[in-house]
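Undergrad: I have a structure I would like to understand better, so I am pasting it below and will then ask my questions one at a time.
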Amino acid sequence: MKLFPVRLSNINKMLDFYSQFNPSPLSIKQFIDFGLNACPRKSFIFLRKELPVRLANIMKEITLLPESLLRMPSVGLVSAWYVKSFEEVLAFEKTDPTENNLEKYWKEKRLSKLKFCKSLTQIRDRHSDVVQTMAQGILELKESRDGAIEPSTELSIQYFLDRLYMSRISIRMLINQHTILFGDIPQTGRHIGSIDPLCDPHMVVRDAYENARFLCDQYYLASPELEVIEHNEIDKGNPIKIVYVPSHLYHMLFELFKNSMRAVMEHHGTENDVPPIKVTIVKGKEDICVKMSDQGGGIPRSQVDQLFKYMYSTAPQPPKSKTDLPLVPLAGYGYGLPISRLYARYFHGDLVLFSCEGYGSDAIIYLKAFSDEANELLPIFNKTSTRFYKATVPTGDWSNQHNMLGMQCLVSFGF
């Protein structure tokens, strides 16, 4: 299906052209090295080719989504955003990186901007609601089917959303690095773009905890305390530092704290002293691990994998705003944990959950200890990804607990 029939032939040709190329993943070290010797010309030359490639790769996958989902208004809106952004980036395709195109120019109120920076900022702002709008598209699909969605469609949606949101994270990372390094606002402090070369996980943990605690206190009028333990196996006695994007780590921790606090408060009810949430930060040879442990009662093992599925939610449809646009909060819609895991995996880390039903849960964030090993994980449009959207749900070739019903029937008949 051609999802982009307007303005069309040229855009589709450019999509076909740029989607032939694989994205070029960068490591945190490469981001840092470039930032230390920041050159707007080199950044311009790289981004005017790399951004169309990343956009085209994911736009091609949008066209492979099930027809039923593509017809949803919110999905059409997201598609239109990508077309617009793709066009805007292509406008710089043959632009020479001259002083006139890269230097600051004056506009109203003497506000200094960069032409390229301004376009990148517009693209970033345009895509700021992609997650919420796609969530609304899923709700629209559920409504149109009375909540019944085919397993093959659900599988395609899960696969696509992981890739769409990972692509979005990577594009925002590229845009943020350029606009922070070469934008109008002078950068202060030790940060290189959005990266902190001396990121203190303990401080990020405290920050995320305090903000989650504020919400918990508002709702439950109480909250669990926090206990933090650090263990630096490599540099014993020294605080743990990591080259990382603090906002990414904060996003993961804030989501985990919200979940843990809610579980603890609801599991222990009106008890005066609820058990604390314990966070252990460990630096090893390859990984830096942040483990969060709570006594919130845990969940059945059968539900752990479901927590990372976008379609897994019992929340009602959200109310609409005064502008008649639906308000789709992430909390309660199954998006917080899946997206947090994508942030962890973006630089080849991970986020895993372990549950002890009746007692509590552990969540572990794995981050690469060395910045040269922390490479971007990017979706690639190719024959393998194309086949996935056309695949049917595989038939199980292992017995499961439901097969026991057949055995019970045989026994009841005397076999």
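Quick note: the sequence shown, position 255, residue 255 per full-length UniProt numbering, numbers continuous. Quick reminder that beta carbons are idealized off the backbone N, C-alpha and C, glycines included.
#1: Is it right to say Tyr335 is buried, meaning 16 or more other beta carbons lie within 10 angstroms of its own, or is it exposed?
#2: Apart from the five residues just before and just after Phe388, which ones in its own chain have a Cβ nearer than 6 angstroms to its Cβ?
#3: Taking only the alpha-carbon atoms, compute the straight-line gap between Met166 and Lys29 and give it to the nearest angstrom.
#4: As an exercise, report each continuous alpha helix (DSSP H) stretch of at least 4 residues that is fully enclosed by the UniProt domain "Histidine kinase" (246-371), in chain order.
#5: Going by the beta-carbon positions, is the gap between Pro25 and Glu50 smaller than 8 angstroms?
#6: Can you give me the start and stop residues for the beta strand (DSSP E) that residue 431 sits inside?
#7: Which residue's Cα is closest to the Cα of Ala208: Tyr220, Val228 and Asn57?
#8: Quick one: measure Cβ to Cβ for Asp372 and Ser128, integer angstroms, because I've assumed they're closer than 8 angstroms.
#9: Closest to Thr395 by C-alpha separation, out of Ser152, Cys199 and Ile32, would be which residue?
#10: Would you mind reading off the limits of the alpha helix (DSSP H) that contains Asn232?
#11: Look at the alpha carbon of Leu221 and the alpha carbon of Val83, and state the distance between them as a whole number of angstroms.
#12: I'd like to know whether the C-beta atoms of Glu233 and Val264 end up nearer to each other than 8 angstroms.
#13: If you draw a straight line from the alpha carbon of Tyr18 to that of Gln177, how long is it in whole angstroms?
#14: Under the assumption that Leu337 contacts Phe308 (Cβ atoms under 8 angstroms), give the Cβ distance between them as a whole number of angstroms.
#15: Taking all protein chains shown into account, do 16 or more other C-beta atoms lie within 10 angstroms of the C-beta of Gln295, making it buried, or fewer, making it exposed?
#16: Verify whether the separation of the beta carbon atoms of Met292 and Val304 is less than 8 angstroms.
#17: Compare the beta carbon distance of Tyr244 and Cys199 with 8 angstroms and say whether it is the shorter of the two.
#18: For Gln132, count neighbouring Cβ atoms within 10 angstroms of its own Cβ and tell me buried if that reaches 16, exposed if not.
#19: Are there any heavy atoms of the ligand SAM lying less than 7 angstroms away from the beta-carbon of Asn272, as far as the coordinates show?
#20: Which residues does DSSP pair with Ser27 in a beta bridge?
#21: According to DSSP, is Val393 part of a helix, a strand, or is it coil?
#22: Quick check on the DSSP output: the alpha helix (DSSP H) that includes Cys117 runs from which residue to which?
#23: Does the Cβ of Arg213 have 16 or more other Cβ atoms within 10 Å, making it buried, or fewer, making it exposed?
#24: Could you check what DSSP says for Gly199 in three-state terms: helix, strand or coil?
#25: Exposed or buried, which one is Ile185 when buried takes at least 16 other CB atoms within 10 Å?
#26: Helix, strand or coil, according to DSSP, for Ile242 in the structure here?
#27: Mapping DSSP to helix, strand and coil, what is Ile192?
#28: Return the residue from the list Ile364, Arg341, Lys94 and Leu353 that minimises the CA-CA distance to Asp287.
#29: Pull up the distance between the alpha-carbon of Ser112 and that of Pro52, whole angstroms please.
TA: The structure says:
#1: Burial call: buried.
#2: For Phe388, where only same-chain residues beyond five positions count, the Cβ hits under 6 angstroms are Tyr159.
#3: Roughly 20 angstroms between the two C-alpha positions.
#4: Whole alpha helix (DSSP H) segments, 4+ residues: 246-268, 301-304 and 336-346.
#5: No, the pair does not count as a contact, with Cβ atoms beyond the cut-off.
#6: Lying outside 1 to 415, the shown extent of the chain, residue 431 is not represented and no answer is given.
#7: Of the candidates Tyr220, Val228 and Asn57, the residue whose Cα lies closest to the Cα of Ala208 is Val228.
#8: With a Cβ gap of about 31 angstroms, Asp372 and Ser128 do not count as contacting.
#9: Answer by Cα proximity: Ser152.
#10: Asn232 -> not in any alpha helix (DSSP H); beta strand (DSSP E) instead, spanning Leu226 to Asn232.
#11: The straight-line gap from Cα to Cα measures roughly 46 angstroms.
#12: Taking the C-beta atoms as reference points, Val264 is found no nearer than 8 angstroms to Glu233.
#13: C-alpha separation (whole angstroms): 22 angstroms.
#14: Here Leu337 really is in contact with Phe308; their C-beta atoms are around 6 angstroms apart, less than 8 angstroms.
#15: So Gln295 ends up on the buried side.
#16: With respect to Val304, Met292 sits apart: the two C-beta atoms are not nearer than 8 angstroms.
#17: Yes; because the gap between Cβ atoms is below 8 angstroms, this pair is in contact.
#18: Buried is the call here.
#19: In the structure shown, the ligand SAM is absent, as is every other ligand, since no ligand is present at all.
#20: Ser27 has Asn375 as its beta-bridge partners, per DSSP.
#21: Here Val393 sits in coil by DSSP.
#22: Lys115 to Arg126 is the extent of the alpha helix (DSSP H) around Cys117.
#23: By the Cβ neighbour-count rule, Arg213 is buried, with 16 or more other Cβ atoms within 10 Å of its own.
#24: One detail in the question is off: residue 199 reads as Cys in this sequence, not Gly. Three-state result, Cys199: strand.
#25: Classification for Ile185: exposed.
#26: In the structure shown, the three-state DSSP call for Ile242 is strand.
#27: Look at Ile192 here: in three-state DSSP terms it is strand.
#28: Comparing Cα-Cα distances from Asp287 to each of Ile364, Arg341, Lys94 and Leu353, the minimum goes to Ile364.
#29: Bear in mind that a pLDDT of 34 at Ser112, under 50, signals an unreliable position, so the model cannot answer this.
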